[in-house]
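Chains as they are written, first to last, in the working numbering: chain V, 5 to 330; chain E, 166 to 441.
Cβ coordinates follow ideal geometry from the N, Cα and C atoms, glycine included.
Quantities reported herein were computed from a predicted structural model and do not represent experimental measurements.
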Ligand SMILES: Cc1cc2nc3c(=O)[nH]c(=O)nc-3n(C[C@H](O)[C@H](O)[C@H](O)COP(=O)(O)OP(=O)(O)OC[C@H]3O[C@@H](n4cnc5c(N)ncnc54)[C@H](O)[C@@H]3O)c2cc1C
Ligand SMILES: Nc1ncnc2c1ncn2[C@@H]1O[C@H](COP(=O)(O)O)[C@@H](O)[C@H]1O
């Protein structure tokens, strides 16, 4: 019986949520294709992870080697392609994360497996593999097909599939690692934590967030004035940090902070998924964007389709009025 | 010819650094309404403005800085029709030494695996120490091309670069992981690196610079020039079957009216919620 294999990701000895989500995507395909669902765990001492994962799949494939203790694409690729050659899975699933982005394309080319990245849905229909993914910054969805091949690779977008436990408990199968020798052309030197500048947007109840729509650095004081009147702080989308207009610890999103304020005002932010990831659990989301089709309106509670340079000053004026300020 | 690493691994001593930067021209969609065309598989492209892919702009800038520091050359390469020339001219105006466009109507530029194969073939025709691509193209967002090129050329790679340094003939890259954590990796050269936005500050191009670049040569190559047959390029690995507006259940309530009316309504809302 063939398999759908899901590559597990860990952080600090715990299975990452994305792995359970990838397993949910894998389950959908496995059921449709009549295949087993397996989780693949690579690491140095990872039996505990295998135990956790056994509740979500039929088989846990476990390969332990001290050279797998930290992620290095060269070693991971060698081990995974070896396992794929031995077991011939039909589909390999990973998260669309910094690991999946790094590893999946190389494996695809090495194995000749078509890869569809950043999938929000997957489907097997009439012997062909299809995935749904977003394009153009989330403005359009695309249904993408893979050419027929012996196997396929998918990376799935975080937050798109809902983990569910399996009926039974999966069997743990130990696989010996292949020869990992050979000259390492890539060496991992370590991790660095992000630098903090002082303002913690994570503990703020009210966040006024600005995006590229703010136009110029010189317009930021406008947002700061509004934030101050509301008793909140200014946060931002990635391009604002990229330009050096605000420090990195003000960035909301997958590569920045995750926030859950009582109020999140998104001003001139389109709503790319990497941004949404960091603020979707805010209690109240008000978005101002001049584009009625901006994806931010897909998750906002209240929306204003207008120029933020008209709306912010009007808001400032109104709040000052009710506060009895001039 | 081919993958000649011209870096000498002796501390402090090397010949110049030759860098290939892959650039894509993409439609600027941030404030435009997108329509699906009659094929149902692509967007209606008439009337759209095109520009260099944001991530490639950063890749180019990073390449220029490395070249300015270590000497060598920067070659911008793009696969596409004549429209891509505009983006290549911009690269020249910013300081790229050479520009190459691979234009061939037989090519399916919408398949990242085709693109990676062709870019690899082009790289084989040049000598280089580094190939830089963007992390992703902001139209398709596949994030496939860079590492796929590395595999075709059997070179080490690093994705999501937030910092690139050359030390003793090797390249040190800070990779951006989730939550702003960075991972430091060291690669032998030649190597392939995908560049994350924000890696360096972007410089502006002057109108004069663009005008001067109009006179510079863009070398146009076909598949034949690359020694690739249509058979070798093969069929696309993945293809868009259908494009459509996301069918999401929106919970949004739009607040309309003049800015004053909108402000009044929002302030009322915030008061009701105890936020003001
Ligand atoms: C690996 C990776 C990680 C990433 N991590 C993050 C992250 O952590 N956080 C993050 O934010 N992004 C992240 N990104 C980038 C993300 O994909 C988007 O590029 C980014 O979020 C876009 O920011 P934006 O909405 O400000 O800009 P744009 O997408 O350019 O949107 C600007 C918006 O402003 C509107 N606008 C313009 N002018 C006005 C005006 N006068 N009034 C009102 N509206 C106006 C436009 O209609 C548009 O919708 C990441 C990308 C990658 C590849
Ligand atoms: N047509 C193209 N010409 C040159 N480079 C490209 C092209 N398409 C993609 N690339 C490069 O590959 C990167 C990632 O693209 P993608 O894999 O499509 O997300 C881009 O940032 C470019 O550097």
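From which residue to which residue does the beta strand (DSSP E) around residue 79 of chain V run? Your numbering for residue 79 of chain V matches position 75 in the first chain. Per DSSP, residue 79 of chain V belongs to no beta strand (DSSP E); it is in the alpha helix (DSSP H), 77 to 91.
What are the start and end residues of the alpha helix (DSSP H) that includes residue 310 of chain E? Counting from 1 along the second chain, the entry for residue 310 of chain E is found at position 145. Where residue 310 of chain E is concerned, the enclosing alpha helix (DSSP H) stretches over 310 to 318.
CB contact check: residue 165 of chain V to chain E, cutoff 9 Å: Stepping through the first chain from its first residue, residue 165 of chain V is reached at position 161. So, not an interface residue.
Roughly how many whole angstroms lie between the Cα atoms of residue 251 of chain E and residue 230 of chain V? Indexing the second chain from 1 puts residue 251 of chain E at position 86. Indexing the first chain from 1 puts residue 230 of chain V at position 226. Each residue's Cα considered, the two are about 40 Å apart.
Determine which residues share a DSSP beta bridge with residue 268 of chain V and list them. Counted from its first residue, the first chain places residue 268 of chain V at position 264. Note: residue 268 of chain V sits in a beta bridge opposite V:211 and V:289.
For residue 250 of chain E, is the beta carbon positioned less than 8 Å from some heavy atom of ligand 2? Numbered from 1 along the second chain, position 85 holds the residue referred to as residue 250 of chain E. No - ligand 2 has no heavy atom lying nearer than 8 Å to the Cβ of residue 250 of chain E.
When the Cβ atoms of the stretch 311 to 325 of chain V are set against those of the stretch 262 to 282 of chain E, are three or more pairs found closer than 8 Å? The stretch 311 to 325 of chain V, when compared against the stretch 262 to 282 of chain E, does not touch it at the 8 Å Cβ threshold.
Check whether the stretch 297 to 310 of chain V and the stretch 274 to 286 of chain V are in contact - that is, three or more C-beta pairs closer than 8 Å. In short, these stretches touch, since the Cβ pair count reaches three.
Answer with buried or exposed for residue 30 of chain V, where buried requires no fewer than 16 other C-beta atoms within 10 angstroms of its C-beta. As a working note, residue 30 of chain V is residue 26 in the first chain. By the Cβ-count criterion, residue 30 of chain V is buried, with 16 or more other Cβ atoms from all chains shown falling within 10 Å of its own Cβ.
I'd like the span of the beta strand (DSSP E) that includes residue 327 of chain E, first residue to last. As a working note, residue 327 of chain E is residue 162 in the second chain. Here the beta strand (DSSP E) through residue 327 of chain E covers 322 to 332.
One question on the structure: do residue 11 of chain V and residue 95 of chain V come within less than 9 Å of each other, judged by their Cβ atoms? As a first step, residue 11 of chain V must be located in the first chain, where it is residue number 7. As a first step, residue 95 of chain V must be located in the first chain, where it is residue number 91. Cβ atoms of residue 11 of chain V and residue 95 of chain V: not closer than 9 Å.
Assuming residue 401 of chain E and residue 279 of chain E form a contact by the criterion Cβ under 8 Å, report the distance between their Cβ atoms to the nearest whole angstrom. What you label residue 401 of chain E is simply residue 236 of the second chain in a count that begins at 1. What you label residue 279 of chain E is simply residue 114 of the second chain in a count that begins at 1. Between residue 279 of chain E and residue 401 of chain E the Cβ distance is about 6 Å, and since that is below 8 Å, they are a contact.
Alpha carbons only, please: which of V:248, V:309 and V:110 is nearest the one belonging to residue 423 of chain E? Taking the second chain and counting its residues from 1, the one referred to as residue 423 of chain E is at position 258. Selection V:248, V:309 and V:110 evaluated against residue 423 of chain E yields V:309 as nearest (Cα-Cα).
Would you say the beta carbon of residue 222 of chain V is closer than 8 Å to some non-hydrogen atom of ligand 2? Here the question's residue 222 of chain V lines up with position 218 in the first chain. Closer than 8 Å to some heavy atom of ligand 2: that does not describe the Cβ of residue 222 of chain V.
Quick one: Cα of residue 122 of chain V to Cα of residue 226 of chain E, how far? Counting from one through the first chain, the residue named residue 122 of chain V turns up at place 118. Counting from one through the second chain, the residue named residue 226 of chain E turns up at place 61. C-alpha separation (whole angstroms): 27 Å.
Could one say the Cβ of residue 413 of chain E lies closer than 9 Å to chain V's Cβ atoms, at least one of them? Against the second chain, residue 413 of chain E aligns to sequence position 248. When Cβ-Cβ separations below 9 Å define contact, residue 413 of chain E makes contact with chain V.
Does residue 307 of chain V come within less than 9 Å of chain E when only Cβ atoms are used? The residue you call residue 307 of chain V lines up with position 303 of the first chain. True, the Cβ-Cβ gap to chain E drops below 9 Å.
Are the C-beta atoms of residue 262 of chain V and some chain E residue less than 9 Å apart? What you label residue 262 of chain V is simply residue 258 of the first chain in a count that begins at 1. At least one chain E Cβ lies under 9 Å of residue 262 of chain V.
Closer than 8 Å: is that where the CB of residue 402 of chain E sits relative to any heavy atom of ligand 2? Numbered from its first residue, the second chain carries residue 402 of chain E at position 237. Outside the cutoff, so no.
Select from V:237, V:223 and V:198 the residue whose C-alpha is nearest the C-alpha of residue 213 of chain V. Indexing the first chain from 1 puts residue 213 of chain V at position 209. Minimum Cα distance to residue 213 of chain V is reached at V:237.
Using the Cα positions of residue 201 of chain V and residue 344 of chain E, report the straight-line distance between them to the nearest angstrom. Sequence index remark: in the first chain, residue 201 of chain V carries index 197 (1-based). Sequence index remark: in the second chain, residue 344 of chain E carries index 179 (1-based). If I take the Cα positions, the gap works out to 15 Å.
So is the beta-carbon of residue 218 of chain E under 8 Å away from any non-hydrogen atom of ligand 2? Within the second chain, residue 218 of chain E is the residue found at index 53, counting from 1. It does: the Cβ of residue 218 of chain E is within 8 Å (strictly closer) of some heavy atom of ligand 2.
Burial state of residue 387 of chain E (16 or more Cβ within 10 Å): Here residue 387 of chain E is taken as the residue at index 222 of the second chain, counted from 1. Residue environment: residue 387 of chain E is assigned as exposed (fewer than 16 neighbouring CB atoms within 10 Å of its CB, all protein chains considered).
Cβ contact check for the stretch 280 to 294 of chain V and the stretch 393 to 409 of chain E: 3 or more pairs under 8 Å: Remark: fewer than three beta-carbon pairs, one from each stretch, lie closer than 8 Å, so the stretch 280 to 294 of chain V and the stretch 393 to 409 of chain E are not flagged as touching.
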